[in-house]
Each structure stands twice: as C-alpha cells, then as structure tokens.
Amino acid sequence: MVDIPLLQVQNLTIANSTQNNESLVEGVSFSLSAGQRLGLIGKSGCGKSLTCHAITGALRAPLTTSSGSIRFQGQDLLAMPFAEKQRIRGTGIFCIFQSPGSALHPSLTIATQLLETAGNVSLFGQDAQQTISQALEAVSLPQHCLKQYPNALSGGMKQRVMMAMALILKPTVLIADEPTTGLDVITEHETLEALNVVQQETGSALLFVSHDLRIVRQTCTSVLVMDAGQLVDACDLNQPIAPDCHHATAEITRAMERLQL
Amino acid sequence: MKQFVFKRTLSGIPTLFGMTLIGFLIIGLTPGDPIEMELRRLGVSFTAEQVEALRVEYGLDKPLIQRYFIWLLDLFRLDLGTSIASGRPVLELFKEHLPITATLSVLAFVSSLALSLVLGTVTAVSQRTSVSTSLYVLTMFLVSVPSFWLALFLLAVFALGLGWFNLLQFGNAQDLILPVITLTLGNAAVMSRLVRERIIAVMSEDYIRLAITKGLSRRAILGRHVFKSILPPLITNWAISFGSLLGGSVIIENIFNLPGLGQLALQAIAERDFAILQAYLLFMGLVFFLANFAADLTNHWLMPQLKEDDHGVR
Amino acid sequence: MAYVDSAKSIPLSRATSLFRGKTTFLLGSLFLSCFIILAIGGEAFAPNPPNQIDLLHRLSAPSLTYPLGTDHLGRCILSRLMTGTALSLGTALTTAGLILAIALPVGLLSALCKGWVDAVLMRIADIFLAFPMLVFALAIIGYLGASLTSAVIGVALAWWPGLARLVRTLTLEAASKEYVLASRQCGQKPLNIIAKHILPQILPPLLVVLSLEMAGLLLVLSSLSFLGLGAQPPAAEWGAMLNEARPFFAERPSVVLAPGIVIILAVLSFNLVGEGIRFQLDKRKPYRW
Chain A
499 MVDIPLLQVQ NLTIANSTQN NESLVEGVSF SLSAGQRLGL IGKSGCGKSL
549 TCHAITGALR APLTTSSGSI RFQGQDLLAM PFAEKQRIRG TGIFCIFQSP
599 GSALHPSLTI ATQLLETAGN VSLFGQDAQQ TISQALEAVS LPQHCLKQYP
649 NALSGGMKQR VMMAMALILK PTVLIADEPT TGLDVITEHE TLEALNVVQQ
699 ETGSALLFVS HDLRIVRQTC TSVLVMDAGQ LVDACDLNQP IAPDCHHATA
749 EITRAMERLQ L
Chain B
229 MKQFVFKRTL SGIPTLFGMT LIGFLIIGLT PGDPIEMELR RLGVSFTAEQ
279 VEALRVEYGL DKPLIQRYFI WLLDLFRLDL GTSIASGRPV LELFKEHLPI
329 TATLSVLAFV SSLALSLVLG TVTAVSQRTS VSTSLYVLTM FLVSVPSFWL
379 ALFLLAVFAL GLGWFNLLQF GNAQDLILPV ITLTLGNAAV MSRLVRERII
429 AVMSEDYIRL AITKGLSRRA ILGRHVFKSI LPPLITNWAI SFGSLLGGSV
479 IIENIFNLPG LGQLALQAIA ERDFAILQAY LLFMGLVFFL ANFAADLTNH
529 WLMPQLKEDD HGVR
Chain C
48 MAYVDSAKSI PLSRATSLFR GKTTFLLGSL FLSCFIILAI GGEAFAPNPP
98 NQIDLLHRLS APSLTYPLGT DHLGRCILSR LMTGTALSLG TALTTAGLIL
148 AIALPVGLLS ALCKGWVDAV LMRIADIFLA FPMLVFALAI IGYLGASLTS
198 AVIGVALAWW PGLARLVRTL TLEAASKEYV LASRQCGQKP LNIIAKHILP
248 QILPPLLVVL SLEMAGLLLV LSSLSFLGLG AQPPAAEWGA MLNEARPFFA
298 ERPSVVLAPG IVIILAVLSF NLVGEGIRFQ LDKRKPYRW
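Protein chains in written order, with this note's numbering: chain A, 499 to 759; chain B, 229 to 542; chain C, 48 to 336.
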C-alpha cells in the first residue's frame, strides 16, 4: 500500500517580517499519515508551537511563513483562498492549544461554544445536543457544565472541553500543543486519558507537541526532536534511544532519566 | 438582577446628593449679590430697602444650609426657581428649549453609534488595505477638528456654496440635518477609535485563535466572539459619549442658532442668570447619571457573570 | 488572521507599520516643534504688528503685505495667528499643569492612605465625573464670569477627576512592587518612598497621557473662546479670532478658514505624537484576517 501522507510539511520557514526576516523556524519537513501518532519534542522556545500555529494558520501578525509548503491531503494550505482554508479548519485540522485558561471565550457559555462547534460540522438542534452530551460523557465532564461560563471550570475541565470540541469536529488531523501545560499531575493524567479517548473515537492522526518525553512516550510511537528552530532528530520510541543521536535528543533523554530516579 | 438594581441605586444616591450640593453652591456662593447686580444691569435705580425686600422674596436672607434644604425640597417638587433675567419660571423655559437639544443629541447619538461601529470595525479588521488606511487617517483628522469649525465648514459648503440649507436660522426639522451631521462626524470619529482599539485587543486573545482554528466563519468570529467581548466596555463608553454630546450640543446650537438648552445656558452665563445655569447643570447631570446607570444595568443584564468593576473603561 | 503568506504582503505591512509608528510620531513632532518655535518667537516672525488696525483694507484677500488677508478690522491674519500661538498653547499647557497639580496629590493620597481618605476622595471625584465635562466647565465659567482665567479653571475642575483616578491606579500598582515593599520594611520614611520609588514609576506614563490630553484641552479651550467664554477680544487667541470673524463668515468664508486650520494642525500634531508613542508601546499582536 502506498502511503499518502495526510499532512506533509516541507521546508517550512517562519520568519519575523519586521526584524530583517530573522528565521524562528527553519527548513522543517515531516509528514503525518492516517492514524499515525507522532510526537514533537524540544526545549521551550525551540519553535514547536510556532510550527503548530503555522499549520493551523494562526500565526500572529509580524510572523510569516516565508518559504516552504504545508500540504493537507495534497493541497497546499499556504496557497489556498480563505474560504477553502476555513473549510479545512476544524474538520480537517484542529488544534488543542496550551494554556486552556485563556483558550475559551470568557463570556460565552460552554453550551454556546460547543453548539457553534457542532454547527460547523452541520449538526443542529437535537442532533447537536446529542453529540455534545456524548462528547461530554466521553471526556467525563458533567452535563451541568454546559450552562456555565469558562471561569467556573478548572484548568483540566477547560482542557477537556477542548477535547470535547475535538470529538465533535472529528478532525482528520488533530494537533495537541502541550495540552498539559499548567495542569497538576492528576489532571495531566486525566487529560491524556481524554486525549486517548478522542484519538480512538475519531481515528485522527495525532501530532503531539510537548517538551516532556515521558508524556510523549505514553501517547506516541515515534517522535521528532526540534532544537533552535530546526528538526534535528527522529526516534522510534519502541527501541532504546541510539547512542549516536543528536545532542538535543540526548539532553532530553538524560533529563528524563534523572527525573525518574 | 433586582439585587443589582437595588445596590446600584443605593450607591448612586450619595453621588446624586453630591451633585445637588455642587449645583446649589454655584448659586449659594455667588460672588456679589445677584439681585443688586441684576438691578444694576437693568439700569434701574434702587434703594437698600428694595434690595432687602427682593432678597427676602427670593429667600436669600436665610443661612446657607437652610437655603440648601429649602431649595432641595423645591427641587423635588420640580420647582426650579425663577429666571432673574426674564422673570419666568425656569421649568417653563426648560420645557420650551428641551425638545431641540433632546432631538439633536439623540439623533446624533444614534447615528454616531452606527457610524462608529462600522468605521471602527473596518479600520481594525482589515488593517492593510487602502480603504481601511484612508478611513483611519480620516478618523484621525476628524478627532482633531473642532466641532465649531466643522460646522462653519459644512455651512460654507452646503448652505453658502450649494444653497441646500438655510443659513443660521431655525424654522423646520430640515434645519436640524447639518447640526446632526456635524455632531455625528466628530463624535463618531472619537467613538470609532475606541471600537478599533477594543477589537484589536480582543483579536489578540487566545480564544480568537481557537475560534479561527475551529473553522468558524469571519461573520461568526466577529459577530459572536469579538462583539460579545467588546460590548461591555463600549456600552460604558457610549454613556460617556452621550454626556459629551450633551455638552457638545452647546457649541452646535450656538453656531446653528438653534433655540435649545445650550443656547439658554449661554444666555444665562451672559446675563448671570444663576437659576437657569443651576437647573441646566443639574438637568444635564441627571441625564448623564441616568445614561451611566442604564449602561451599567445593560452590562449586568448582558453578562451577569462579570463582576461590577470588570466593565472596563471610565 | 489567515495564513500570512504571500511575499507581497511583507513590504506592504512594513510600510503600514512604518507609517503608523515612527512616521506618525516624526510628523507630529515636526508640526509640534514648528508650533513651539512660533510660540517662542511668534512676534519676531510676524510680518505685521498683530493688533495694527487698517480699516482701508478690511476683509481683504491675501496679498504680499497680508499673506493670509485681513480680518474685519484690517488686522493681518497671519501675524495674529503667529503671535497667538504662545497664548493658545500656553493656555492649554497651564490648564494641563493645573489638572496635574490637583490630580497628582489627590491620586497619591487616595492610593497611599487607603481607607476612608480613599473612599471620600474617590467619592468626590465621582461626583465631579457625574456631570458631562463641558457642561460642568460652562457652569463654573458662568459662576466666575467669562474670561480666559475662568475657562482655564472651569476646564481644569471638570477634567481632574479622570486623571486623579489614573494616578491612583498607577500608584497602587507601583506601591505593590516588591522593592517598594522592601524599602518600606527597611523603615524608609513615606515621603522618601514616594519621591524615590513611586514618582519615578508613575510620572512617565502620566506625562504620556497628559500630552495626549493636550489635544483635547486645546479643542475644549478653543471652543470656549469661540463661544466667547474664554479669551476675550482683542486677544489673538485662535478660538477668539474665530469668534470675532464669525459675523463676517457669510461675507468672506476665508476669514474663518485660516484660524481653523491652525487649530486643527495643532490638535493633530498632539494626536499624531500620542498615536506614535502608543503604537511603539503596543505589544499586542492581533490575529489577522
């Protein structure tokens, strides 16, 4: 079977257009095929999140993708007119961002935010209600959350609301950008469980971004390592890390081992 | 909601009380004797006894505190006193002059509200197009133009040049068009800059990124997510804008020669007719107070989950 | 938002940001320095004595002797505008100073004393804020009688509460900084702490705000003069010049044109400088469409 990658990032470069086009991410290439779970790790500030933002199309103003391509099912996202990009967002590619605290709209109820998500996959009325309550159940959130505003929920609950959104949207590619940042260990575990549920239910390909190899190990089979804006290494997590790996990989592995002692 | 109304009303009472105090002091501490001054102004010869009699008639012989409470009681009975210059009750004069000012302010308020939302949204959302840049430059220019000059300019073009309007006389409703346009343009420019500012602030939030990532349409993002967030501070600001319209109408009434409350007040300043001035200050204060009150209630009604002090700018 | 992709958009966005940031600031500063030069040496540059009456050349068109024409008394409009700069800008500056003189102590006291002092002072500020600004200024002017001094006092009294609230907020923020707390624990005298630690923190943002308010002050003061409630003729204040020119507006609209444009330029230059500073300080990066 010929493996057609769902998402193919080629030579992606992200630059700051106001500061002499200084590159923050340079020449990143990787691909993701259907059902694959790929990890992306690296130190803070190495450009992992920027890569995610570029894929979802939510780069902030002075940053631009100055070269390269991002292909989703063969179509280049960067050259696409707005209406088509909007169609792919959500159902094609969806991203669960870090810092759940500020990710939900503070003055819309959870119900409203989930309903509009359902509306995006053409679910309305009774169907939407049903899908939403199923999704809440799957991520083990109580139904009364629907009537509440985000400020009444804890960080872990907010993150699970995001998971519920993913469940409703059933994206082809799901990106999780450090979904456990700022959560305590128990909540972290619950969140990862929920993410597992989501992935099993939707069959999405998963790109899991983290700085923590332990967590990545729980969810992914292979992992890419980024350092200083470049992709430096790729490892299979089923095998022991090779001794001749890149120093960034070695650094992360050593750090993890020290923590486990 | 009921509780909020009650609390907000209760906290407004000291303010209202303080407002009446300030309003009263403007008469109570008048430098010089208003009666003597008025008699001098009219060129009437008078004796000390006559002045004293008038002082008793107007209740000016009593101590300040007593006068304040008498005055306050009269105020509750809507007795605003008598204009010294014309000898007519202030309330009567107000009833005559109010319609023009009310029409002018309300029309200008509604139209500048609509215009500012459009201008602010366009300049905030499409930052790099030539349309939005030129609109932005236009608002920058309009906030720098004094309203009286804008009025004269519009008069020069549309009344003197094109002859579409009467020059400086008030006859029918049509003569309100230019005044309303003048007030609207200046006010809308100021308001639109805040709309723009708020939209940019909200568009930088993480939850907008989520809305984009979810694949919502532009209309949904702008109409639901952005608008819902900018509304509370905007409503608070709209009340303040209404206040500045009430003040700004003085200038416009003066230029277009409209017989409104502003003209009445200006005349009162010239004639040192303090009863009118006092009533004008209190009335405008009360309207402004009610506008702020309404804004707070609307905000509370729209988003009960926000705490009182969360409704931004003041 | 949208993928910020095409190569074309980069130079364009650069041009816009340049226009919005430095150029705005520079343009504003350029205008402003012209006005400051005029304010200092206006009389020396003026082609004619500003109050020289020439009834033979009433309301005349621009000529070599009178570059912007003459007003209803045959006075040179250009000379009057130039000499009026000092008065017009000076009045606004004085008002700003007066506002700061009220707002700074009130805000500092309110933030540092807390408790009932804070409650009372802010309640008073609330009462002043409860009136529309211009209406309140009008009432004060009515009480004091129309003159430039009462206009300045009226505007300052109507304007201070907003700034006092800002001072209070800034001070509360400054006083909660770790090093201020530390110096308090070291037993420094309160006045010392205010002078050494709090004022240096709150003055820069305060002055930026105040320079932005200058635009508004210029507008209000010239409006009052225009209504005949501020500077009185024959003073060459810009608003007052417009007021004097009003009856001759229908006869020769150009008599109101020049003073109006000068006011607009002055207000615009303050707004441009303020906008430039704000743009430079703006760290937000909105998602784009």
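Cβ atoms here follow ideal geometry from the backbone N, Cα and C, with glycine treated the same way.
Closer than 9 Å by beta-carbon distance: list the chain A residues that pair up with residue i, in chain order.
i, result
"C/K332", "R558, A559, P560 and L561"
"B/R452", "H603, L606, T610 and E614"
Report yes or no: is there a C-beta of chain C within less than 8 Å of the C-beta of residue i?
i, result
"B/S372", "yes"
"B/V478", "yes"
"B/L614", "This structure cannot settle anything about residue 614 of chain B, because the visible part of chain B is limited to 229 through 542."
"A/L672", "no"
"B/L388", "yes"
"B/G540", "The predicted model places B/G540 with a pLDDT of 35, which falls under 50 and marks its position as unreliable; any figure quoted below should be read in that light. It does not: the Cβ of B/G540 has no partner Cβ on chain C nearer than 8 Å."
Would you say residue i faces chain B, with C-beta separation under 8 Å as the test?
i, result
"C/P300", "yes"
"C/F296", "yes"
"C/D173", "yes"
"C/F273", "yes"
"A/Q584", "yes"
"A/G761", "Residue 761 of chain A lies beyond the stretch modelled for chain A, which goes from 499 to 759, so this question has no answer here."
"C/L74", "no"
Check the Cβ of residue i against every Cβ in chain B and list those closer than 7 Å, keeping chain order.
i, result
"A/N618", "K442, G443 and L444"
"C/A177", "T243, M247, G513, F516 and F517"
"A/S597", "D434"
Any beta-carbon of chain A closer than 8 Å to the one on residue i?
i, result
"B/M531", "yes"
"B/H325", "no"
"B/A522", "no"
"B/E425", "no"
Once you ignore the five residues that flank residue i on each side, which residues in its own chain have a CB closer than 6 Å to its CB?
i, result
"B/A523", "I463, T464 and A467"
"A/I673", "C550, C593 and L705"
"A/S547", "D675"
"A/D574", "S567"
"B/T412", "A336, S339 and S340"
Which residues of chain B have a Cβ atom closer than 8 Å to the Cβ of residue i, listed in chain order?
i, result
"A/F706", "Residues of chain B passing the Cβ test: none, with the nearest at roughly 16 Å."
"C/M180", "G471, S472 and G475"
"A/S600", "E433, D434 and Y435"
Kindly list the residues whose CB is nearer than 7 Å to the CB of residue i, restricted to its own chain and excluding five residues on each side of it in sequence; keep chain order.
i, result
"C/A133", "A86 and G89"
Starting from the Cα of residue i, find the closest Cα among the options and give me that residue.
i, options, result
"A/T685", "A/A726, A/M655, A/D734 and A/R558", "A/M655"
"A/F591", "A/H603, A/T629, A/Q506 and A/A559", "In the sequence as presented, Phe is not what sits at residue 591 of chain A; that position holds Ile. Of A/H603, A/T629, A/Q506 and A/A559, the residue nearest in Cα terms is A/Q506."
"A/S638", "A/L504, A/C743, A/I502 and A/L665", "A/L665"
"A/T562", "A/F570, A/I502, A/E524 and A/L722", "A/E524"
"C/L102", "C/T196, C/K161, C/C123 and C/D329", "C/C123"
"C/S126", "C/T196, C/P96 and C/V202", "C/P96"
"A/Q697", "A/V707, A/L634, A/V671 and A/Y647", "A/V671"
"A/M660", "A/I539, A/V695 and A/Q628", "A/V695"
"B/A519", "B/V353, B/T441, B/G240 and B/R500", "B/G240"
Looking only at its own chain, which residues have a Cβ that is under 8 Å from the Cβ of residue i, when we skip the five neighbours before and after it?
i, result
"A/E520", "A513 and N514"
"B/H325", "P487, G488, L489, Q491 and L492"
"B/V454", "I427, V430, M431 and I436"
"B/I479", "S375, F376, A379 and G490"
"A/T589", "N618, V619, L667, K668, P669 and T670"
Output, in chain order, the set of chain A residues within a Cβ distance shorter than 8 Å of residue i.
i, result
"B/S457", "H603, P604 and S605"
For residue i versus residue j, is the C-beta spacing smaller than 8 Å?
i, j, result
"B/V423", "B/L345", "yes"
"B/A308", "B/A503", "Checking the sequence shown, residue 308 of chain B turns out to be Leu, not Ala. Yes. Within cutoff."
"A/Q624", "A/S631", "no"
"B/L509", "C/F175", "no"
"B/I254", "C/Y190", "yes"
"C/V227", "C/I245", "yes"
"A/G653", "A/P598", "yes"
"A/P503", "A/S531", "yes"
"B/L406", "B/L383", "yes"
"B/S333", "B/T367", "no"
"A/A703", "A/Q571", "no"
"B/G251", "B/Q506", "yes"
Counting only Cβ pairs nearer than 7 Å, list the residues of chain A close to residue i.
i, result
"B/A448", "E614"
Legend entry - Residues of the segment 182–197 of chain C with Cβ closer than 9 Å to any Cβ of chain E, in chain order: The structure shown has no chain E; the protein chains it does contain are A, B and C.
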